[in-house]
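Peer 1:
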Amino acid sequence: DHLSYVKKLRLAENPDRYARYIGELHTKLEELYSLYYEISQKEKCEISKDNAKGIIQELLNMSLTDD
225 DHLSYVKKLR
235 LAENPDRYAR
245 YIGELHTKLE
255 ELYSLYYEIS
265 QKEKCEISKD
275 NAKGIIQELL
285 NMSLTDD
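Numbering of the sequence shown is given in the working numbering, commencing with residue 225 and proceeding in unit increments.
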């Protein structure tokens, strides 16, 4: 999703669109940073392969339902 915003920025001919896309990208990157920060603050433990798959699937589902 973030890459599509970068592509839109590169192709934006209208300054208003550029400003909108840069604002949307900034918001998305802040959300991503917050998610990574939250995950990094959780108690660390060993993660099994199956547990890792579940975590990845949960993150993917979250990103699909945010739109």
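Note that CB positions come from ideal geometry on N, CA and C, so glycine has one too.
Source: prediction; values computed, not measured.
To the nearest angstrom, how far is it from the Cα of Ser-228 to the Cα of Glu-267?
Peer 2: Straight-line Cα distance between these residues: approximately 33 Å.
Peer 1: Quick check on the DSSP output: the alpha helix (DSSP H) that includes Ala-243 runs from which residue to which?
Peer 2: Residues 239-265.
Peer 1: Which same chain residues end up closer than 8 Å to Tyr-242 when comparing Cβ atoms and leaving out the 5 residues on each side of it in sequence?
Peer 2: Taken in chain order, the residues that qualify are Leu-233 and Ala-236.
Peer 1: Pick from Leu-283, Gly-247 and Asn-238: whose alpha carbon is nearest that of Tyr-260?
Peer 2: The residue with the shortest Cα to Cα distance from Tyr-260 is Leu-283.
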